[in-house]
Amino acid sequence: MGGEGGVRALVDRFYDLMDLEPAYAEIRAMHPGTLDGSRDKLFWFLCGWLGGPDLYVQRHGHPRLRARHLPYAIGMRELGQWMACMIQALHEQQIDETLAERLAESFFGTADWMRKPLNHSGAQWSAA
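Going by my numbering, the first residue of the sequence shown is number 15, and it counts up by one from there.
Right, dumping it as C-alpha coordinates:
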(Lines of atoms letter the chains of each structure in order from A and count residues from 1; the text may use other names and numbers.)
(Lines give C-alpha, C1' and ligand atoms only; values in the text may rest on other atoms or scores of the structure.)
Protein backbone atom coordinates (compact mmCIF):
# COMPACT_ATOMS: atom_id res chain seq x y z
CA MET A 1 0.00 0.00 0.00
CA GLY A 2 2.91 2.31 0.51
CA GLY A 3 2.57 3.01 4.23
CA GLU A 4 0.69 6.01 5.56
CA GLY A 5 1.22 7.91 2.30
CA GLY A 6 -0.46 5.13 0.33
CA VAL A 7 -3.34 4.95 2.78
CA ARG A 8 -3.80 8.74 2.64
CA ALA A 9 -3.78 8.66 -1.19
CA LEU A 10 -6.41 5.89 -1.22
CA VAL A 11 -8.66 7.71 1.26
CA ASP A 12 -8.31 11.02 -0.58
CA ARG A 13 -9.19 9.41 -3.91
CA PHE A 14 -12.14 7.58 -2.32
CA TYR A 15 -13.61 10.83 -1.01
CA ASP A 16 -12.75 12.74 -4.20
CA LEU A 17 -14.73 10.15 -6.17
CA MET A 18 -17.60 10.25 -3.69
CA ASP A 19 -17.73 14.03 -4.06
CA LEU A 20 -17.50 14.04 -7.88
CA GLU A 21 -19.30 10.97 -9.21
CA PRO A 22 -23.12 11.10 -9.45
CA ALA A 23 -23.19 7.31 -8.97
CA TYR A 24 -22.17 7.85 -5.34
CA ALA A 25 -24.62 10.67 -4.56
CA GLU A 26 -26.58 8.75 -1.94
CA ILE A 27 -23.57 7.92 0.19
CA ARG A 28 -22.20 11.44 -0.33
CA ALA A 29 -25.46 12.83 1.08
CA MET A 30 -24.84 10.91 4.32
CA HIS A 31 -21.67 12.92 4.94
CA PRO A 32 -21.18 16.51 6.11
CA GLY A 33 -20.80 19.31 3.57
CA THR A 34 -17.03 19.22 3.89
CA LEU A 35 -15.33 15.84 3.81
CA ASP A 36 -12.16 16.84 5.68
CA GLY A 37 -13.20 15.21 8.96
CA SER A 38 -14.41 12.07 7.19
CA ARG A 39 -11.12 11.83 5.30
CA ASP A 40 -9.10 12.08 8.50
CA LYS A 41 -11.22 9.58 10.40
CA LEU A 42 -11.10 6.97 7.64
CA PHE A 43 -7.35 7.51 7.23
CA TRP A 44 -6.74 7.14 10.96
CA PHE A 45 -8.96 4.07 11.12
CA LEU A 46 -7.42 2.34 8.09
CA CYS A 47 -3.87 2.92 9.36
CA GLY A 48 -4.64 0.78 12.41
CA TRP A 49 -6.92 -1.65 10.56
CA LEU A 50 -4.11 -2.37 8.09
CA GLY A 51 -1.60 -3.07 10.87
CA GLY A 52 -0.02 0.34 11.31
CA PRO A 53 -0.34 2.73 14.24
CA ASP A 54 -3.79 2.91 15.86
CA LEU A 55 -4.22 6.59 15.05
CA TYR A 56 -8.00 6.48 15.35
CA VAL A 57 -7.92 4.79 18.76
CA GLN A 58 -5.34 7.31 19.99
CA ARG A 59 -7.68 10.19 19.08
CA HIS A 60 -11.18 8.80 19.60
CA GLY A 61 -10.95 5.52 21.49
CA HIS A 62 -12.47 2.28 20.21
CA PRO A 63 -13.96 2.79 16.72
CA ARG A 64 -17.39 1.31 17.64
CA LEU A 65 -18.10 1.19 13.91
CA ARG A 66 -21.58 -0.24 14.07
CA ALA A 67 -22.71 2.15 16.81
CA ARG A 68 -21.30 5.16 14.94
CA HIS A 69 -23.16 4.14 11.78
CA LEU A 70 -26.52 3.35 13.40
CA PRO A 71 -28.04 6.78 12.63
CA TYR A 72 -27.63 6.17 8.89
CA ALA A 73 -30.01 4.20 6.68
CA ILE A 74 -27.45 1.81 5.22
CA GLY A 75 -29.02 -0.74 2.91
CA MET A 76 -27.82 -2.75 -0.06
CA ARG A 77 -27.82 0.32 -2.33
CA GLU A 78 -25.62 2.32 0.04
CA LEU A 79 -23.35 -0.66 0.64
CA GLY A 80 -23.03 -1.11 -3.14
CA GLN A 81 -22.18 2.55 -3.68
CA TRP A 82 -19.60 2.53 -0.89
CA MET A 83 -17.98 -0.61 -2.26
CA ALA A 84 -18.00 0.61 -5.87
CA CYS A 85 -16.41 3.88 -4.79
CA MET A 86 -13.71 2.10 -2.77
CA ILE A 87 -13.00 -0.43 -5.53
CA GLN A 88 -12.67 2.40 -8.05
CA ALA A 89 -10.27 4.20 -5.70
CA LEU A 90 -8.24 1.00 -5.21
CA HIS A 91 -7.91 0.54 -8.98
CA GLU A 92 -7.09 4.18 -9.64
CA GLN A 93 -4.34 4.06 -7.01
CA GLN A 94 -2.85 1.10 -8.92
CA ILE A 95 -2.80 -1.10 -5.85
CA ASP A 96 -1.59 -4.62 -6.59
CA GLU A 97 -4.57 -6.59 -7.95
CA THR A 98 -4.26 -9.44 -5.44
CA LEU A 99 -4.03 -6.99 -2.54
CA ALA A 100 -6.92 -4.93 -3.93
CA GLU A 101 -9.10 -8.06 -4.13
CA ARG A 102 -8.28 -9.05 -0.55
CA LEU A 103 -8.94 -5.52 0.67
CA ALA A 104 -12.25 -5.40 -1.21
CA GLU A 105 -13.32 -8.68 0.43
CA SER A 106 -12.43 -7.34 3.87
CA PHE A 107 -14.07 -3.98 3.19
CA PHE A 108 -17.23 -5.79 2.07
CA GLY A 109 -17.39 -7.79 5.29
CA THR A 110 -17.10 -4.63 7.37
CA ALA A 111 -19.49 -2.63 5.17
CA ASP A 112 -22.05 -5.43 5.24
CA TRP A 113 -21.85 -5.41 9.04
CA MET A 114 -22.91 -1.73 8.95
CA ARG A 115 -25.98 -2.57 6.86
CA LYS A 116 -29.33 -2.43 8.62
CA PRO A 117 -31.24 -5.73 8.77
CA LEU A 118 -34.62 -6.04 7.11
CA ASN A 119 -37.76 -6.49 9.14
CA HIS A 120 -40.36 -9.12 8.20
CA SER A 121 -42.01 -6.83 5.65
CA GLY A 122 -38.71 -6.44 3.78
CA ALA A 123 -38.20 -2.85 4.95
CA GLN A 124 -35.14 -1.75 6.86
CA TRP A 125 -35.52 -1.35 10.60
CA SER A 126 -35.47 2.25 11.67
CA ALA A 127 -32.60 3.49 13.83
CA ALA A 128 -35.06 5.78 15.64
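Built from N, CA and C at the ideal position, the CB exists for glycine as well.
Please confirm whether residue i and residue j have their CB atoms less than 8 angstroms apart.
i	j	result
leucine 84	valine 21	no
serine 52	tyrosine 29	yes
alanine 87	lysine 130	yes
alanine 103	leucine 56	no
arginine 27	glutamate 111	no
Smallest Cα separation from residue i: which of the options?
i	options	result
glycine 17	Gly62, Arg80, Ala43, Ala118	Gly62
aspartate 54	Ala37, Tyr38, Cys99, Leu24	Leu24
proline 46	Ile109, His76, Thr112, Asp33	Asp33
glycine 19	Arg82, Glu115, Ile109	Ile109
glycine 89	Glu115, Phe122, Leu31	Phe122
histidine 74	Leu31, Trp58, Ala37	Trp58
arginine 116	Glu106, Leu64, His76	Leu64
Using a Cβ-Cβ cut-off of 8 angstroms (strictly less than) and excluding sequence neighbours within five positions of residue i, which residues of its own chain qualify?
i	result
tryptophan 127	Leu79, Arg80
methionine 15	Val21, Leu24, Leu64, Ile109, Leu113
Give every residue of the same chain whose Cβ lies closer than 7 angstroms to the Cβ of residue i, excluding the five residues on either side of it in the sequence, and list them in chain order.
i	result
tryptophan 96	Ile41, Ala125
isoleucine 101	Ala118
leucine 93	Ala125, Asp126, Arg129
Do residue i and the ligand PLP come close, with the Cβ less than 7 angstroms from some heavy atom?
i	result
glutamine 107	You won't find the ligand PLP in this model; it holds no ligand whatsoever.
Using 8 angstroms as the limit for Cβ to Cβ distance, is residue i near chain C?
i	result
leucine 79	In summary, chain C is missing from the structure at hand, where a single protein chain is found.
Starting from the C-beta of residue i, find all residues in its chain whose C-beta is less than 6 angstroms away, skip the five residues before and the five after it, and write them out in chain order.
i	result
serine 135	Here the model assigns serine 135 a pLDDT of 48, short of 50, so the residue's position is not dependable and the matter cannot be decided.
aspartate 68	Gly62
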